[in-house]
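Residue numbers (the numbering used here): 4 to 488.
This is how it looks when you write it as structure tokens:
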């Protein structure tokens, strides 16, 4: 995007926020025409949202999605140090006999058989709910995806003829590259840059199109900043209720009002601080009313992750209501799920083990899917996972170590599901596409996966995609095909 485009968008967004905050917007029906003009003639019909589920720590996706056919499962078992048991505590493989019908799936494109994590005695459902969604063509997997500068073979890795992403295997560096969707570095997340492009047509411009329930770079763009929500909804100053202030109640809130009023005669910096603070309080009031009137009846698991997904569902319901205050057309959401950095305890059969984490993930995402169906947004919301890297196939004694390529999920009514995209690798130590400990060289780049999602959100031009994903031209396709038009 050219610099004058940035300036124009900033001007229009600031104008919308200023008028909306002062109440003048109600007297300017032409404001929507101004916003439409800023959208570069982009046709953004209906509502669409991306929900990023970040699996913090590096998910061991090779025990999330496993080959089921006997020959490939045997290779997997050998590479993972044998089937885990009391006698083989270092083994990381899951016995094929445990991969029963509830978690079995097949790739509609190739017929290859796979299974999702079956859980354990404490979590007997395992990932069966996500397996059901996969078989209903509402879920897809992107196999062996990771950070890349350009396509890379094992020989090129070994001879150093192709540049590598910086700081491979480092949590903070690789998380940043996933959020940027480029291995060349940068300052803005790809979700935020997509929001820069498509959020200009949203109705209530004071609310950012990027809404975060946990901290991230992913949703921060040039013009877009994350709006923070708590797991149960809005965050406010402790003991200061903006809604009470607006209705004349709340001693502390009225004291804040007086302090803000005093800033109006202070320095320019004080005046700007007061305006920004007050705009935030007004936004709180608007969102409080919107969320109070938009609930969902779907039962969610009583976990922090379940609470966050319930809040996102309520926010989506409020945002897409054509008669409501918000009237957003495009939104980006971000939420974290922790504890996937499992150097030890990977096969633990309690709540701290990998099977327990994956079962919780499956249950909560299934509830979210049912909530989206409840509010009629199941075809308008695409949920996907990211994680900084996959894990080694080999065991370190009680877990797995940092690696590179892994498997991610994409869920939604617009997903071309029931398939694996990318390339599921031969699970060998030091194999054709793996290093000594089973660190897989990615077959698909983060750029390609992210660009496929960006296209669905309405960023379709090659030049626009190239601006957001500067390395995208290095790869054979910008559309992996897992999203419907």
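Ideal placement from N, C-alpha and C gives every residue a C-beta, glycine not left out.
As a quick exercise: from the options, pick the residue whose alpha carbon is nearest that of residue i.
i	options	result
residue 338	49, 56, 50, 48	56
residue 69	113, 54, 119, 49	119
residue 361	400, 285, 292, 65	65
residue 88	441, 421, 401, 450	401
residue 407	438, 482, 82, 318	438
residue 301	229, 147, 377, 359	377
residue 396	82, 371, 53	82
residue 478	463, 458, 452, 315	452
residue 111	427, 423, 322	423
residue 482	368, 471, 458	458
residue 98	386, 114, 391, 122	122
residue 346	136, 411, 50, 393	393
residue 79	450, 476, 464, 441	441
residue 159	323, 435, 373, 96	435
residue 224	101, 198, 433	198
residue 148	350, 311, 61	61
Go through its chain and collect everything with a Cβ distance to residue i's Cβ below 8 Å, but skip five positions before and after it.
i	result
residue 466	none
residue 419	140, 143, 484, 485, 486, 487
residue 47	201, 204, 332, 333, 461
residue 138	108, 421
For residue i, count neighbouring Cβ atoms within 10 angstroms of its own Cβ and tell me buried if that reaches 16, exposed if not.
i	result
residue 238	exposed
residue 63	buried
residue 222	buried
residue 161	exposed
residue 325	exposed
residue 480	exposed
residue 125	exposed
residue 296	exposed
residue 359	buried
residue 170	exposed
residue 146	buried
residue 454	buried
residue 428	buried
residue 84	buried
From the DSSP output, which residues share a beta bridge with residue i?
i	result
residue 108	117
residue 424	145
residue 230	214
residue 414	142, 386
residue 437	443
residue 56	338, 388
residue 69	118
residue 489	Absent from the model: residue 489. The displayed extent of the chain is 4 to 488, so no value can be given.
Using three-state DSSP, classify residue i as helix, strand or coil.
i	result
residue 147	strand
residue 221	coil
residue 133	helix
residue 93	coil
residue 357	helix
residue 39	Confidence at residue 39 is low in this model, with a pLDDT of 43, below 50, so the placement of that residue is unreliable and no value is reported for it.
residue 160	helix
residue 335	strand
residue 318	helix
residue 87	coil
residue 50	coil
residue 5	Below a pLDDT of 50, predicted positions are generally treated as unreliable, and residue 5, at 46, falls in that range; no measurement from the model is reported.
residue 174	helix
residue 486	strand
residue 394	strand
residue 350	coil
residue 294	helix
residue 448	strand
residue 25	Its pLDDT being 37, under 50, residue 25 is placed unreliably by the model, and nothing is read from it.
residue 194	helix
Here's a check: name, in chain order, each residue in its chain whose Cβ is nearer than 7 Å to the Cβ of residue i, leaving out the five neighbours to either side.
i	result
residue 202	212, 227, 333
residue 231	215, 238
residue 151	168, 186, 445, 448
residue 24	Any reading at residue 24 is ruled out, since the residue's pLDDT is 39, under 50, leaving its predicted position unreliable.
residue 473	185, 187
residue 321	293, 294, 297, 327, 329
residue 176	169, 170
residue 388	56, 58, 411, 412
residue 309	303, 367, 370
residue 178	391
residue 157	435, 436, 444
residue 30	Confidence in residue 30 is poor, its pLDDT being 38 and thus under 50, which makes the residue's placement unreliable; the coordinate value appears in the next sentence. Hits under 7 Å: none found.
residue 189	183
Please list, in chain order, all residues of the same chain as residue i whose beta carbon is under 6 Å from its beta carbon, the five residues on each side excluded.
i	result
residue 219	337
residue 36	Reliability fails at residue 36, whose pLDDT of 43 lies under 50, so the model's placement of it is uncertain and no value is given.
residue 375	381, 384
residue 134	106, 108, 119
residue 172	405
residue 316	299, 374
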